[in-house]
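In the numbering used here, the protein residues as written are 55 to 157.
From the three backbone atoms N, C-alpha and C, an ideal C-beta is built for every residue, glycine too.
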Amino acid sequence: MSSKKNKKWEKQKQAVKATQIAFDLEQKAALHIREIAAREGLTPSDQIRKMIGLSYSLPKRPRLTVSLKPEDYEILGKKYKIDPKDTMAIKRRILEELIKSIK
Numbered sequence: 055m056s057s058k059k060n061k062k063w064e065k066q067k068q069a070v071k072a073t074q075i076a077f078d079l080e081q082k083a084a085l086h087i088r089e090i091a092a093r094e095g096l097t098p099s100d101q102i103r104k105m106i107g108l109s110y111s112l113p114k115r116p117r118l119t120v121s122l123k124p125e126d127y128e129i130l131g132k133k134y135k136i137d138p139k140d141t142m143a144i145k146r147r148i149l150e151e152l153i154k155s156i157k
């Protein structure tokens with residue numbers, strides 16, 4: 055088990071040494087990179103790494119995320135007629151709505 059911990063710490067040390075850089079691209083170019091990434095199942099960051107010849111990894115569990123504030127749960131609770139504190143029920147309703155929107 056200690057070798058697992060050592061590997062984990064090594065990865066974390068490497069991550070700390072990494073530097074994030076941002077690119078100011080025309081919206082058209084940025085959109086193009088995002089579209090390619092979406093088609094290939096990559097994040098935009100991994101798509102850029104692929105394009106410039108660096109290693110990248112496929113996501114283990116591809117998913118979309120959204121951040122919700124307490125007031126968002128209030129709004130969605132009213133919309134779906136669900137208690138705003140029932141965040142799991144709200145999550146299920148959002149998922150249903152997203153799936154319905156692509157059919």
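Three-state class that DSSP yields for residue i in the structure shown
i, result
"K154", "helix"
Rounded C-alpha distance that separates residue i from residue j
i, j, result
"K82", "R88", "10 Å"
"P138", "D126", "9 Å"
"I90", "Q101", "7 Å"
"R115", "E80", "30 Å"
"L96", "L118", "12 Å"
Contact belief for residue i with residue j at Cβ below 8 Å, rounded distance in angstroms
i, j, result
"I153", "L130", "Not a contact, Cβ separation roughly 16 Å."
Entirely within the segment 69-149 and at least 3 residues each: give me those beta strand (DSSP E) ranges in chain order. none
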